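Worksheet for the structure shown next.
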Amino acid sequence: MIGTCPGCGTDVRPLWPTCRSCGTLLMAPPAPVTSTVSAAGAGPTSGSANGVLSADEQFFAPAVLQPIVQLPPLSNGSARSAPGGSSVGRDAGKWIVLAAMLLFFVAAIATAWLTIKPGSTAGAQTPIVLPPRPASEGLPSGLGTVVRIQAESTRRTAMQTAEETGGGDIARLAAAQPAFHWVASDTPSTDAHTVSVAQTGGVVTMAVAASNHDVCAFGQWSTGAPPRYVTMGHERSCAAVDAPAQGWSSEPGGAASDLPDSTG
C-alpha cells in the first residue's frame, strides 16, 4: 500500500522510515526511556514503580548475555592416566600369552621325547623274554614289530658271519661284514647296525639293539651246535655279556628274506 509524504506529497512506501525526497520522518519517534537498570542489579532507579519495563523500554534495553562457563584444563597426569592404565593391561596380557605358549611348548617337547625315547621308561621295568616267533613274511603290523624284525634280521646275518669266520674275532667279523659296527662284549649295542660280540671258549654270543632302545636280540653259536636265539624286552643294556640264561629257542625271527632258500 503506497502512502503520501506529509512534507512534500510524494508517494512513499509503508516500510520507508523517511521520505526519500525531502527526508521527512514517516514513523512516530519512540517514547523516551524514563528508567534505567543499576549496574549492581538493585532494580530500576526510575520509570514504573513495580520495576517492570514497558514494551518500549524492553525494546531499547541492552541485551544481557549469559557468560560462557569454561572448565579448567585437565592436567597432564590425569589426561594420560587412562592410556597408561590400558598400556599396563596390554603388557600384562602379552606376558600371560607368552607364558602359556612356553608351557605348551615344554609339554609338547616332553611328550615327543617320551614317545621317541621309550628307553627312558624301560629302565624302570623288569626285562622280559619275548615269545619266539618265526621269520615274518609280508608287511609287519606295527612299529614295535618293525623294530624287532630289524634287530633280529641283523642278529641272523651276524650269526651267519660268525659261522663263516669260525669265531667271534671282531677284526675278522668286520672284514667279512663291513656294513655292521662290531663292538666288544661289554659295549652295548645302540641300534640295529651295531653288534656286541663276546666269546667264551668256543661259544660266541652276540647282541643287537632295536631302534626303540627297548628290545635286544641275543644270539649264540658254537662249533658243532645249532645256533639259538632269544629276544628280550625292556632290556636296560644290550651288551653281549648281559645275555640271559633262559628263554633260548631255535627260532631266528627277523624277516623271511634273511633266511637261506631251500636250495641254498
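Quick note: the sequence shown uses this note's numbering, first residue 1024, plus one each step.
For every residue, glycine included, the Cβ atom is placed at its ideal position computed from N, Cα and C.
For clarity, every value in this text was computed on a predicted model and none was experimentally measured.
Its Cα nearest to that of Phe1203, the residue Val1231 stands out among Val1231, Glu1186, Thr1223, Thr1210. Annotation: Ala1198 to Thr1254 spans about 26 Å, alpha carbon to alpha carbon. Shortest Cα-Cα distance from Met1182 to any of Arg1113, Ala1248, Ile1091, Pro1040 involves Ala1248.
Relative to Ala1174, the option among Val1218, Val1206, Leu1196 whose CA is nearest is Val1218. Straight across, the Cα-Cα distance linking Lys1117 with Ala1123 is about 10 Å. Under the three-state reduction of DSSP, Phe1241 is assigned to strand.
Linking Val1226 to Gln1243 through their CA atoms gives a straight-line distance of about 7 Å. Annotation: Asp1209 to Ser1273 spans about 25 Å, alpha carbon to alpha carbon.
Annotation: Gly1167 is outside any beta strand (DSSP E); the continuous alpha helix (DSSP H) that includes it extends over 1166-1188. Just so you know, the alpha carbons of Gly1167 and Ala1262 end up roughly 20 Å apart. DSSP links Thr1217 through a beta bridge to His1204. Shown here, Ala1158 sits in coil according to DSSP, grouped into three states, outside any helix or strand. Per DSSP, reduced to three states, the secondary structure at Thr1027 is strand.
Non-local C-beta neighbours of Thr1047 in its own chain, meaning closer than 8 Å and more than five positions away in sequence, comprise Cys1028, Pro1029, Gly1030, Cys1031, Thr1041, ordered along the chain.
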